[in-house]
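Trainee: One structure follows; several queries about it will come next.
Written as structure tokens, this is what we have:
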């Protein structure tokens, strides 16, 4: 579904997630593999790599990256020269962001500084992707927006506790058995 949604193939993915958990395995390994893309692996969580992040993007012609909110914050704190910002922003075609809530203020600041519009998504390891944001989405900075519900996924709210609380219910053929 993910590959169909974005209609991409033959990209250079920078793997920023550990592949020892299911989300990292999907995002950093299976998606690039099934889209006939290249995967560039680094020990991303070491201090050196965050300082050389833009250098890696440039040297390996990275066109797809999975950001996390903590990486976004770190890159904003480090900032970079205007030369790097201008040069790099055009290279990253698919700047995905996931794993945790991305505050819209942070997303706007990242766009302002680096001219890169982060594409949010929502899903769990057990459900895979539920929603994905399109690059041309008009709702990108709307509070609570994390993309559009993808095909073959149904989402609804169900009352629990006599209407005082609601749960999100997801139905999809992509959900792991038992959920």
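Numbering (this note's numbering), first residue to last: -14 to 164. C-beta atoms are modelled at their ideal positions from N, C-alpha and C, and glycine is treated no differently. The model shown is predicted, which means the values in this text are computed figures rather than measured ones.
What does the alpha-carbon distance come out to for the pair residue 77 and residue 101?
Mentor: Within the chain shown, the letter at position 92 stands for residue 77. Within the chain shown, the letter at position 116 stands for residue 101. Approximately 8 Å, taken between the alpha carbons.
Trainee: Using 8 Å as the threshold, is the region 105 to 122 in touch with the region 150 to 162, meaning 3 or more CB pairs across them?
Mentor: Touching, per the Cβ criterion.
Trainee: According to DSSP, is residue 108 part of a helix, a strand, or is it coil?
Mentor: Position 123 of the chain shown holds residue 108. Reduced to three states, the DSSP call for residue 108 is strand.
Trainee: Could you tell me the alpha carbon to alpha carbon distance between residue 61 and residue 74, rounded to whole angstroms?
Mentor: Position 76 of the chain shown, counted from the start, is the residue given in the question as residue 61. Position 89 of the chain shown, counted from the start, is the residue given in the question as residue 74. Approximately 14 Å, taken between the alpha carbons.
Trainee: Helix, strand or coil: how does DSSP classify residue 80 here?
Mentor: By one-based count along the chain shown, residue 80 stands at place 95. In the structure shown, residue 80 sits in a strand (DSSP, three-state: E or B).
Trainee: What are the boundary residues of the beta strand (DSSP E) that includes residue -1?
Mentor: Sequence index remark: in the chain shown, residue -1 carries index 14 (1-based). Where residue -1 is concerned, the enclosing beta strand (DSSP E) stretches over -3 to 0.
Trainee: Looking at the strands, I want to know which residues DSSP matches up with residue 113.
Mentor: Taking the chain shown and counting its residues from 1, one reaches residue 113 at position 128. In DSSP, residue 113 forms a bridge with 109.
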